[in-house]
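Throughout the sequence shown, residue numbering follows mature numbering (1 follows the signal peptide of the UniProt record, and there is no 0), covering -20 to -1, 1 to 379 in sequence.
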Amino acid sequence: MASGSIWTLALLWIINLTEARTQDIHVTCLYTEDCILPCLFKPVGGEVVRWYSPSNSLLLSSDQNGPQDQNYVNKVAMFQNQVALGNGSLLLQRCQPQDRGRYRCHVTGQQEVPDTTVVVRVEAPMQSLALETTRLSGYEEVLCLTRNVYPAPQLSWSTQPPMAKDAMKYTLHKRETKGLYTLESKLRKLRGVASLTYVCTVSAAYGAQTWRASLTETDMSSTEGGDLTLPCVAPADLLPNFTLTWSFLPTDQSSVILTYNSSRHWVAEAWGGHVQLDTLAVKSGNGSLRLRNLYTKQHTGIYTCSFTAPKHTHVAHIRLNVTSIRSEKVQTEESNSWWIAAVVVAVLAVAMAAIVGIVKLKDDCSQSGKTMEEATMMHDVTSTLPSKQHLSSHHTRIQ
Ligand SMILES: *[C@@H]1O[C@H](CO)[C@@H](O)[C@H](O)[C@H]1NC(C)=O
Ligand SMILES: *[C@@H]1O[C@H](CO)[C@@H](O)[C@H](O)[C@H]1NC(C)=O
Ligand SMILES: *[C@@H]1O[C@H](CO)[C@@H](O)[C@H](O)[C@H]1NC(C)=O
Ligand SMILES: *[C@@H]1O[C@H](CO)[C@@H](O)[C@H](O)[C@H]1NC(C)=O
Ligand SMILES: *[C@@H]1O[C@H](CO)[C@@H](O)[C@H](O)[C@H]1NC(C)=O
């Protein structure tokens, strides 16, 4: 027992000793870029520097030309003129995920130099994050997508206002191409919740980067000739460096209405008289757009507001339906004709009931009086219906 503990202590001491002698240096290399693995020492003269690969095979020696391992030809190099100056750093070219691992630099010469261990990790940082709506699977979904990242990042969903985690149903697909990951997640849209903002957050495995994209959808309607404010408010953490863009999608080609940022405020000529942005409010994140003098054909469609900042975007889609006063009239007439049909059917039904009532009256005197009375009352109600409004007021009275 006691001797066991002593052995453990001794072992720990040895581990500590070796760790102290060869301190790990951590280097993060960017995908496809060149990277320097440092190995520095005090030069006395005549030192030879040797680098060992993560699998502990000799990669390169400063007293030889080029690597011995064929896998590393054109991949690694040393700065020959620097070695005499105490710089035995290794150049690792066009880094790939498979280059990661623990490299060792061993210096031999007149004096003893501790080994240098360099732990290399390779990173392909996120370049973009897309968030869009889709219904390819038959469901209304929100799709969050990021491509060509290494290592695979973490993806999560949330909503604003917050919803229970188990209310959110989503799929997550991770694909690997040439060592890099593509992450695609689809979240089923929640029904019956008005103006919900969907947020997709993706965090790099090394914790240095977080990207966020949010999306909200709103339906609005207005009558022609009216004024209207299309709402769009950026999340507070997206400020202050952003570009705001409003665009309009009448058919399949989008047209930019305006762009706004700290250095530029531009409005498309065609929209000049129709839109207004409160530039003071937009600085604090309220990018709502005032639309004036709306006309049916021109202004019905999908308006998209997007706030873009480094690693952060917020998009609002607003489906606007501008109805003309004329088309509303047509609708009322249409509904009138529907009601006329309904009234005719009702009258026929009452007539049938009345006939049945009369037949019954002949059969049974005590029951018939009541039935007759009811039938007449209903007849009164239905036959004096000139419009929808009358019907509803009668209904209220009956109930
Ligand atoms: C070692 O040499 C390389 C190549 O010239 C250089 O990039 C690196 O900065 C040098 N390191 C030091 C600590 O001087
Ligand atoms: C915003 O941009 C300015 C100038 O480009 C920069 O100095 C500042 O650090 C940026 N702020 C943030 C929070 O990114
Ligand atoms: C402002 O917006 C314009 C046009 O979209 C863009 O080219 C420019 O880079 C933006 N400037 C800043 C500081 O974001
Ligand atoms: C944004 O501004 C519009 C007017 O431009 C206003 O009606 C709306 O209430 C504002 N929204 C917020 C969240 O401040
Ligand atoms: C716009 O509203 C009218 C009347 O409410 C409706 O008939 C029409 O289908 C709507 N159009 C769209 C594109 O939603």
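All C-beta atoms, glycine included, are put in the ideal place defined by N, C-alpha and C.
A quick note: this is a predicted structure, and the numbers were derived from the prediction, not measured.
8 Å Cβ cutoff met for Leu195 and Tyr178: yes
Inside the stretch 233 to 265 only - alpha helix (DSSP H) runs reaching at least 4 residues: 259 to 263
Residue(s) in a DSSP beta bridge with Ala289: His292
Proximity of Thr139 and Ile298 at Cβ, strictly below 8 Å: no
Three-state secondary structure (DSSP) of Ala57: Here DSSP, grouped into helix, strand and coil, assigns Ala57 to strand.
Beta carbon shell of ligand 1 at less than 7 Å from a heavy atom: Result: Ile16, Pro18, Leu20, Phe59, Gln62, Asn67 and Ser69.
Of the listed residues Thr223, Arg84 and His294, nearest to Gly259 (C-alpha basis): According to the sequence provided, residue 259 is Thr. The question's Gly does not apply to it. It is Thr223 whose Cα lies nearest to the Cα of Thr259.
Span separating the alpha-carbon of Val213 from that of Pro220: 13 Å
Touching by the beta-carbon criterion (3+ pairs, under 8 Å), the stretch 81 to 100 and the stretch 116 to 125: As far as the Cβ criterion goes, the stretch 81 to 100 does not touch the stretch 116 to 125, which means the pair count is below three.
CA-to-CA distance, Trp191 to Ser202, given in whole angstroms: Ser202 and Trp191: Cα-Cα distance of roughly 36 Å.
Residues passing the C-beta test against ligand 4 heavy atoms, cut-off 6 Å: Thr209, Val213, Asp258, Ala261, Asn266 and Ser268
Inter-residue Cα distance where the pair is Thr(-13) and Arg84: Only weak support exists for where Thr(-13) lies, its pLDDT of 42 falling under 50; the coordinates are left without a value.
With 16 other Cβ atoms within 10 Å as the buried cut-off, status of Asp79: buried
Limits of the unbroken beta strand (DSSP E) element including Glu149: A small fix is needed here, since residue 149 is Lys in this sequence, not Glu. Counting along the chain, Lys149 falls outside any beta strand (DSSP E), and DSSP gives it neither H nor E.
Contact test: Thr223 Cβ vs ligand 3 heavy atom, cutoff 7 Å: yes
Proximal residues to Tyr186 (C-beta, below 8 Å), its chain only, five neighbours per side dropped: Thr8, Arg101, Glu103 and Pro131
Proximal residues to Val247 (C-beta, below 6 Å), its chain only, five neighbours per side dropped: The residues Leu238, in chain order, have a CB closer than 6 Å to that of Val247 in the same chain once the five nearest residues on each side in sequence are set aside.
Leu17 vs Leu40 beta-carbon contact at 8 Å: Not a contact, by the Cβ cut-off of 8 Å.
Contact under 8 Å by Cβ, Gly66 with Pro23: Remark: C-beta atoms of Gly66 and Pro23 approach each other more closely than 8 Å.
For Tyr119: DSSP bridge partner residues: In DSSP, Tyr119 forms no bridge with anything.
Contact set for Lys169: own chain, Cβ-Cβ below 7 Å, skip 5 residues either direction: Glu120, Glu121 and Val122
Run of the beta strand (DSSP E) containing Lys166, from where it starts to where it stops: Leu160 to Arg168
Residue-level contact to chain C via CB, Asp258, 8 Å cutoff: The structure shown has no chain C; it contains just one protein chain.
Inter-residue CB distance, Gln134 and Lys291 (contact presumed, cutoff 8 Å): Gln134 to Lys291, Cβ: 15 Å. No contact.
Top-ranked residue by Cα proximity to Asn301, from Cys285, Thr293, Ala193 and Lys277: Lys277
Residue of Met58, Asn45 and Ala296 minimising C-alpha distance to Met200: Ranking Met58, Asn45 and Ala296 by Cα distance to Met200 puts Ala296 first.
Proximity winner among Gln62, Gly89 and Tyr52, relative to Gln73 (alpha-carbon distances): Tyr52
Start and end residues, beta strand (DSSP E) containing Thr276: Premise fails: Thr276 lies in the alpha helix (DSSP H), Thr276 to His279, not in any beta strand (DSSP E).
Buried or exposed by the 16-neighbour rule on C-beta atoms within 10 Å, applied to Val98: buried
Thr280 beta carbon near ligand 5 (any heavy atom closer than 7 Å): yes
Integer-rounded CB distance, given that Leu271 should sit under 8 Å from His254: 6 Å
One or two residues paired with Tyr130 in a DSSP bridge: In DSSP, Tyr130 forms a bridge with Ala104.
Beta-carbon proximity list for Asp207, same chain, < 6 Å, skipping 5 on both sides: Arg272
Trp137 versus Val173, Arg171 and Cys180, residue with shortest Cα-Cα distance: Cys180
Unbroken beta strand (DSSP E) run spanning Arg192, endpoints: Per DSSP, Arg192 belongs to the beta strand (DSSP E) from Thr190 to Thr203.
Endpoints, the beta strand (DSSP E) within which Arg30 is located: Val28 to Tyr32
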